[in-house]
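Notes for the one structure printed next.
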């Protein structure tokens, strides 16, 4: 899964791509071509978030 600065360009890669927002994180999902998955923003309290890292 790619982390991108702009999901607008990721959505235009394929006609089946959809932007979904879950818990403050935006995802691009594509069921026909899964290599186009992308994520933007990290949710609080996950291993992806920068908070709590020493």
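Numbering (this note's numbering), first residue to last: 1 to 54.
For each residue, glycine too, the CB sits at the ideal point set by N, CA and C.
Asked: Under DSSP, the alpha helix (DSSP H) around residue 9 begins and ends at which residues?; Found: 7 to 11
Asked: Less than 8 Å between C-beta atoms, sequence neighbours within five positions excluded: which residues of the same chain meet that for residue 16?; Found: 30, 31, 32 and 33
Asked: Any idea which residues DSSP pairs residue 25 with across the strands?; Found: 22
Asked: Excluding the 5 residues preceding and the 5 following residue 18 in the sequence, name in chain order all residues of the same chain whose CB lies nearer than 6 Å to its CB.; Found: 29
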